[in-house]
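Below: the structure, in structure tokens.
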Amino acid sequence: MILFACHLLLFYTFYNIYFALLFALFFVFFTIDVCFFKKTPFIHRLLPLDEKNNKKNVFTILIPVYNEEHNLEKIIMSIYANNLEDIHIVFINDNSNDNSLAILQNYQKKYEYKIITLEKQHLVCDVLNQGLKHIHKNTTHIGVINGDSTISINCFEKVKNRFQHYSIQALNLHNVSKIYNKFNLFHYYSNLEKEYRNFLFVFNEPCLNNGYFIEQKYIDKWETITEDLNLTLKLKQKQITIYQDPSIIIYDDLPERWSHLMRQKFRWNYGDLYNRMMFYPQNVFDIIINIFFLFPLFSLFTLLTKTSNYVLHVQSCIILCEACLFFHYKQRKLKYIFLSFLYASFQYLFQTFFFIKYTYKHLIYKVEW
């Protein structure tokens, strides 16, 4: 019945101007809300707990590692430059074929952490699920950090403070580029995307990404590709709010090559679409995101069939709204007007290309992802 209703709504969106206008207004109102009414970070709207919280929080941080020999020393040193009281570290070696395991074993002589070595797993979620079996027995919160990251000073102290003094069940760290070369086109674009996502996550509604902490009772297992989004949607089903603190920073890498950038974006797009089809929207924001990811497919269908409908009008509105959001993130400086439209247009072109390539590779030739 629900599926029939969705198809009916889609039909009316294609051919009925009022439904098309409704879809467009979703984006217009969201853009106005973000640009003019959300002045402070989402997490700053939280008030400290009134009563003194004497509960002792114990954190276990899971760090999946696969061929990270060039970064392992940096992440280990950055972790142990922090105060690790009541924090336990578990490195999960996903059968690396470089010197990752040797480096971990060498530093284990100096620092106290667990090393779990696995047979090669298919997805990151499988690695994390294995690591979940080895957390400290008194763990109250689980953290997940990628092996290619480094940790900022006082990061863990700030995390502990947030959970101790505020009513928070899930906390996202603020992703910042470790090395950024603005003259490298792929670095430049990836860094723009990272900062823009951070802006949306801080002022609106975050999605779990590299570096997050969650109360242990809300994690049973990780599932699917882009396991962080899957867990985000699970938490939303349980009415758990995720917060992102812009002052708690984790550093990670940017794609160095075109192939790396495309592989990353394909993985994100595929994971977003796959996971969002598994969960009912919980609020207007979810509906907006679903439309954002699916509408390029409808636009592509319209262009290929030369159908007369209102899809391209809605798609143009979506691109315009994203350009306005990007322009607002750039503090409405006139020199960024062209860049704002360029960024929004590139996002649309990539999503269209994604559907073409996905259809070609996976539906026609049955190639595994």
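Numbered continuously in the UniProt record's numbering, the sequence shown closes out at residue 369.
Note that the Cβ used here is the ideal one computed from N, Cα and C, for glycine as well.
Consult DSSP for residue i and reduce its assignment to one of helix, strand or coil.
i: E73; result: helix
i: F279; result: coil
i: F4; result: Summary for F4: the model assigns pLDDT 48, below 50, so the residue's position carries little reliability, and this model does not support an answer.
i: W369; result: Because the pLDDT of W369 is 46, which lies under 50, any placement of that residue in the model is unreliable, and the number read from its coordinates should be weighed accordingly. Coil, per DSSP.
i: N198; result: helix
i: P48; result: coil
i: F163; result: helix
i: K357; result: helix
i: L171; result: strand
i: V58; result: coil
i: I43; result: helix
i: K335; result: helix
i: H141; result: strand
i: I151; result: strand
i: T307; result: coil
i: H328; result: helix
i: K109; result: coil
i: S78; result: helix
i: H136; result: coil
i: L118; result: coil
i: S316; result: helix
i: F183; result: coil
i: S100; result: helix
i: N93; result: strand
i: L349; result: helix
i: K178; result: coil
Which residue wins for smallest C-alpha separation from residue i, given the options the options?
i: L349; options: F295, Q169, T60, N181; result: F295
i: Y107; options: E119, F91, Q121, S96; result: F91
i: D220; options: V284, Y270, H141, N198; result: H141
i: F353; options: I115, I145, F298, S316; result: F298
i: R197; options: Q130, A344, K120; result: A344
i: L104; options: C321, I75, L132, S316; result: I75
i: K133; options: E256, T60, L173, D33; result: T60
i: S247; options: V144, K114, V176, I63; result: V176
i: K114; options: D272, Y212, L62; result: L62
i: Y18; options: V314, I79, G271; result: V314
i: W258; options: Y188, M77, N129, F30; result: Y188
i: S100; options: Y111, H88, T117, S152; result: T117
i: M77; options: L185, F23, I153; result: I153
i: L21; options: E193, S316, F203, D252; result: S316
i: K110; options: S190, E73, F186; result: E73
i: N210; options: Q237, I79, H174; result: H174
i: E119; options: N129, H136, S96; result: S96
i: F23; options: I79, L185, I318; result: I318
i: V58; options: Y310, F156, E205, A323; result: F156
i: D252; options: N71, F29, L25; result: N71
i: Q351; options: F29, K160, A102, Q264; result: Q264
i: H88; options: H136, L123, F29; result: H136
For my contact list, residue i and residue j are in at a C-beta cut-off of 8 angstroms; report their separation, rounded to the angstrom.
i: L208; j: L231; result: 6 angstroms
i: D86; j: K56; result: 7 angstroms
i: F125; j: E223; result: The sequence given here has Cys at residue 125, not Phe. Correct: roughly 6 angstroms between the Cβ atoms.
i: K182; j: T150; result: About 20 angstroms separates the two Cβ atoms, so there is no contact after all.
i: D245; j: R332; result: Contact doesn't hold; Cβ gap of about 25 angstroms is too wide.
i: V127; j: D148; result: No, V127 and D148 are not in contact; Cβ-Cβ is about 14 angstroms, not under 8 angstroms.
i: L233; j: F279; result: 4 angstroms
i: L312; j: T302; result: 6 angstroms
i: L171; j: Y212; result: 7 angstroms
i: Y336; j: F346; result: About 15 angstroms separates the two Cβ atoms, so there is no contact after all.
i: F42; j: I288; result: With a Cβ gap of about 16 angstroms, F42 and I288 do not count as contacting.
i: L273; j: F293; result: 6 angstroms
i: I250; j: I145; result: 7 angstroms
i: L229; j: G271; result: 6 angstroms
i: L261; j: Y180; result: With a Cβ gap of about 14 angstroms, L261 and Y180 do not count as contacting.
i: T139; j: L325; result: At roughly 38 angstroms, the Cβ-Cβ gap does not stay under 8 angstroms, so T139 and L325 are not in contact.
From the beta carbon of residue i, is the nearest beta carbon of chain C less than 8 angstroms away?
i: A20; result: The chain labelled as chain C is not found in the depicted structure, where only one protein chain is given.
Inter-stretch contact (C-beta, 8 angstroms, three-pair minimum) for the stretch 153-171 and the stretch 31-51:
yes
Meets three-Cβ-pair contact criterion under 8 angstroms: the stretch 20-39 and the stretch 64-74:
no
Which runs of the alpha helix (DSSP H) at least 4 residues long sit entirely within the stretch 252-301? Give them in chain order.
258-276
Enumerated in chain order, which unbroken segments of the beta strand (DSSP E) with a length of 3 residues or greater are wholly contained in the stretch 186-249?
212-215
Can at least three beta-carbon pairs, one atom from the stretch 279-295 and one from the stretch 73-89, be found at a separation below 8 angstroms?
no
Check whether the stretch 323-332 and the stretch 354-361 are in contact - that is, three or more C-beta pairs closer than 8 angstroms.
no
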